[in-house]
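Report on the structure given below.
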Amino acid sequence: PFSVIGGPPQHKLHNGEKQPALQIGSGCTFREHVTVNAGSSFGDENLSLTQIGSNCTFLASSHVGHDCKIGDGVVLSNASLLAGHVCVGDY
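In the numbering used here, the protein residues as written are -11 to 79.
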């Protein structure tokens, strides 16, 4: 409850020209107050996507910024924050 999944990117150069994109694998859990930003319109096509793998868990108040790449099985604990363009491998 009270989560925002796929909201617009928090990027000062995002101009809205490209449709922000978000890809989420199967079996993910998003707890309360989690925010996940879609990709930004800044940069090339491969960078304008936020990707989350399968079977990930995002605990209360965690945040995934624009254009992040998150692998499979990742757990973000309470209040963990990932800025834009962060890559986290499979767990």
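A virtual CB, placed ideally from N, CA and C, is assigned to each residue, including glycine.
Item	Value
Beta-carbon spacing of Leu64, Ser50 below 8 Å	yes
Own chain, CB closer than 6 Å to Gly(-6), minus 5 neighbours either side, in chain order	Leu10 and Ala26
Chain C contact for Asn66 (CB, 8 Å cutoff)	Of the chains in the structure shown, none is chain C; there is only one protein chain.
Assumed close pair Asp60, Ser36 - CB separation to whole angstroms, cut-off 8 Å	Not really, about 22 Å apart at Cβ, beyond 8 Å.
Cβ distance (whole Å) where Ser(-9) is taken to contact Thr17 below 8 Å	Not confirmed; about 11 Å, so no contact.
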